[in-house]
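So the protein sequences, as listed, match chains A and B.
My numbering numbers the first residue of the first sequence as 1 and each following residue consecutively.
My numbering numbers the first residue of the second sequence as 113 and each following residue consecutively.
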Amino acid sequence: GESVGLHLPTLSVQEGDNSIINCAYSNSASDYFIWYKQESGKGPQFIIDIRSNMDKRQGQRVTVLLNKTVKHLSLQIAATQPGDSAVYFCAENIRSASKIIFGSGTRLSIRP
Amino acid sequence: GAVVSQHPSWVICKSGTSVKIECRSLDFQATTMFWYRQFPKQSLMLMATSNEGSKATYEQGVEKDKFLINHASLTLSTLTVTSAHPEDSSFYICSASKVDRVGRDEQFFGPGTRLTVL
Chain A
1 GESVGLHLPT
11 LSVQEGDNSI
21 INCAYSNSAS
31 DYFIWYKQES
41 GKGPQFIIDI
51 RSNMDKRQGQ
61 RVTVLLNKTV
71 KHLSLQIAAT
81 QPGDSAVYFC
91 AENIRSASKI
101 IFGSGTRLSI
111 RP
Chain B
113 GAVVSQHPSW
123 VICKSGTSVK
133 IECRSLDFQA
143 TTMFWYRQFP
153 KQSLMLMATS
163 NEGSKATYEQ
173 GVEKDKFLIN
183 HASLTLSTLT
193 VTSAHPEDSS
203 FYICSASKVD
213 RVGRDEQFFG
223 PGTRLTVL
């Protein structure tokens, strides 16, 4: 069936370096894509989203890139900090179905 | 604004009992609420979509008679796990959606409820 998945299940990054988390999706009908951060024992926290008609969107320390040709999504975190340690999920919003489908998640750990 | 709460935050129950989890949108009226289940080290799996005053729409493979959803108002939805068994132990997360200024549905997530069935 349709799904949103991730290339890397875990990512270890040196503090201060940039992090890149990747995601592949298969549903071409998504209206927009979302990145969430989930800390242990908590609900998902919205980070940034991007409409399906865009290629790039920037936020504070984060950038999301969308490549519709290869159905690939990435989240870049600049100057990674210890507080960035969490599991990151990409998700797609299918407006016609009024629901969000989550990918499998990547755990980001920060080395001091 | 856009805060979603869940109660309880954690619950332990005996096998065979029923457990009710509440989801509330505290400062907005939610057009729709969603229930997700998350097993350890896995992603969130959508269980059902709930609209106020109507029957919930369940995802494929989710038993509607086991996971009863009641959406009594625009700020409250409840999920009841009936006759719970150890395999129902999981992290249950709700979300509530509202339409933003440009007409886009935004979902706001609750903090989750950890259910442990003994």
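The C-beta atom is built at its ideal place from N, Cα and C for all residues, glycine as well.
Check: When DSSP labels each residue in this structure, what does residue 95/A get in the three-state scheme?; Outcome: helix
Check: So, does the CB of residue 175/B fall closer than 7 Å to a CB anywhere in chain A?; Outcome: no
Check: Name the chain A residues that come within less than 8 Å of residue 161/B, Cβ to Cβ?; Outcome: 98, 99
Check: Let's see if you can read the secondary structure: which residues bound the beta strand (DSSP E) around residue 56/A?; Outcome: 56-58
Check: State yes or no: is the C-beta of residue 66/A within less than 7 Å of the C-beta of residue 50/A?; Outcome: yes
Check: Can you tell me whether residue 65/B is helix, strand or coil according to DSSP?; Outcome: Given a span of 113 to 230 for chain B in the structure shown, any question on residue 65/B remains unanswerable.
Check: Using a Cβ-Cβ cutoff of less than 7 Å, which residues in the same chain neighbour residue 186/B once the five nearest sequence positions on both sides are dropped?; Outcome: 141, 142, 164
Check: Kindly indicate which residue of 152/B, 131/B, 197/B, 190/B has the alpha-carbon position closest to the one of residue 208/B.; Outcome: 190/B
Check: With a threshold of 7 Å between beta carbons, is residue 165/B in contact with chain A?; Outcome: no
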